[in-house]
Structure formats: C-alpha cells, structure tokens
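Participant: Just add 345 to the spot in the sequence shown (first one is 1) and you have this note's numbering.
Glycine is no exception: its CB is placed at the ideal position from the N, C-alpha and C atoms.
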Amino acid sequence: MKNKRIIRWILFIVGIVVLTFGARIILLSNLGVGGLDAVAIGLAEWTGMSIGTLIILLGITLIIIGGCINKHLDISPIGVSFIIGWAYDGWGRLLFNQLSSPTHKPYTGYVFLIGILIAPIGAALYILSKISVGPVDYVMLAIRKRYSSSIQSSRVLLESTFVLIGWLVGGPIGVGTICIMLFWGPILQLYLKGLEGVLKKYTS
346 MKNKRIIRWI
356 LFIVGIVVLT
366 FGARIILLSN
376 LGVGGLDAVA
386 IGLAEWTGMS
396 IGTLIILLGI
406 TLIIIGGCIN
416 KHLDISPIGV
426 SFIIGWAYDG
436 WGRLLFNQLS
446 SPTHKPYTGY
456 VFLIGILIAP
466 IGAALYILSK
476 ISVGPVDYVM
486 LAIRKRYSSS
496 IQSSRVLLES
506 TFVLIGWLVG
516 GPIGVGTICI
526 MLFWGPILQL
536 YLKGLEGVLK
546 KYTS
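Below is the structure:
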C-alpha cells in the first residue's frame, strides 16, 4: 500500500512536469495557448508578475469559485496550483526563456504539434495518480454537480470564458487556442485509455 502511494505521488509530480513542459512548447510555437494560460500570460504583461505566479493566483481564485458553487471548499487543489505554477516558471528559467519562437510557419506548426501531443500525457499521468484534481477540473465538477450538466458542456463553458477573458487582457489567443479547444479532450482521452490499463496495478 505504501509503495503504491509513493508511485502515485511520482506519477503526480512527473505528470505536472510533463504537462507544464508541453504547455511551454505550445507557448513557444506562438500560435496561441489554452484559455487559462492566455489569461495568466495576459495578466503577466499587465502586472509584471511571472506567468507561474499568475497561474497560482488564478488557480486559488477558481478553487474559491468552485467552493462557492459546490457550497463546500476542498483546499487540496490549491497544492496542484502551486506545483503547476512553480513548474511552469521553472521550465522558463531552465530552458524556454533562452529560446526564440520559430519564425517560419511550417516550423511553428511542428512545434505546436509537439506541444499538444506532450502536454496531455502529463495531464493523463496526474489524473491517473488520483492525488488531486486541478483548479479547472474542480470548478468543472462543481458546475456539473450543482447544475446537473455534462462534463463536456461544463468544460466548454469554462474554456470559452477563459478564452474571452484571455483575449480581453491581451493574452496569446490564436489558431492554436482553437486547436486546443477542439483536440485536447480527445487526445487526453486516448492517453487515459492507453495508460490506465498499464498503470492500474500500480495506482489502485
């Protein structure tokens, strides 16, 4: 039992590291990022704070909103927000702040493709670890429970709201953002199906 818990924590940490690495690659492509990242990046330009710090603050805000909707506050996703924010900034300092975005269109597409294929692997790993959910999933599940909506409709509502706010604050909204909205879910689902059977004996 103790070994399984250690393995779950390893999957959780590795998942977030891989997720944020993929998210940084997507940002490097300069084709647009996911809605919440766009909000954080836009606000970072306004405030001078790091993107990771804004991700943490936005995550805490979402958790409070989710607690209000659900009429019950679970603080465990706050830890996820901090780890994601630290990992995002860590990848920037370690590697991505020294890299330049590709200027030729075919290469921007290749970079984006690599990012959108890598990031959901990390998301799948940390979801399968069953340690905790992230702030976005926390709000999504709260909306689903309170209003009896489907996960898909709750996710679309949240992501659309983030994209709108991201656009208003000057975040990098582009064709990549649309691709993330359309393909992130199906790619994540494929990884979850593929990895669940392999990792089940280690996590259950």
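#1: Can you name the start and end residues of the alpha helix (DSSP H) that Pro451 belongs to?
#2: Does the pairing of the stretch 412-419 with the stretch 480-493 give three or more beta-carbon distances under 8 Å?
#3: If you draw a straight line from the C-alpha of Leu399 to the C-alpha of Gly530, how long is it?
#4: Once the 5 residues before and after Val456 are set aside, which same chain residues still bring their CB inside 7 Å of it?
#5: What are the boundary residues of the alpha helix (DSSP H) that Phe427 is part of?
#6: Give the range of the alpha helix (DSSP H) segment to which Val484 is assigned.
#7: Leaving aside the five residues before and after Phe357 along the sequence, list all residues of the same chain whose C-beta is less than 6 Å from its C-beta, in chain order.
#8: Have a look at Trp512, Ala469, Gly377, Glu504 and flag the residue whose alpha-carbon is nearest the alpha-carbon of Val543.
#9: Determine the burial state of Ser426: buried for a count of at least 16 other Cβ atoms within 10 Å of its Cβ, exposed for fewer.
#10: Once the 5 residues before and after Ile364 are set aside, which same chain residues still bring their CB inside 6 Å of it?
Facilitator: On the basis of the coordinates in this document:
#1: Boundaries of the alpha helix (DSSP H) harbouring Pro451: 450-474, taken from the DSSP string.
#2: Contact holds: three or more Cβ-Cβ distances are below 8 Å.
#3: Rounded to whole angstroms, Leu399 to Gly530 spans 24 Å at the Cα level.
#4: Cβ neighbours of Val456 beyond the five flanking positions: Ile370, Leu373, Ser374, Pro447.
#5: It spans 421-439 - the alpha helix (DSSP H) in which Phe427 sits, taken as one unbroken run.
#6: DSSP places Val484 in the uninterrupted alpha helix (DSSP H) bounded by 480-492.
#7: Residues of the same chain with a CB within less than 6 Å of the CB of Phe357, apart from the 5 flanking positions on each side, are Tyr471, Ser474, Ile476 in chain order.
#8: When only C-alpha atoms are compared, the closest one is Ala469.
#9: So Ser426 ends up on the buried side.
#10: Reading off the sequence shown, one finds Leu at residue 364, where the question assumed Ile. Answer for Leu364: Ala464, Gly467, Ala468, listed in chain order.
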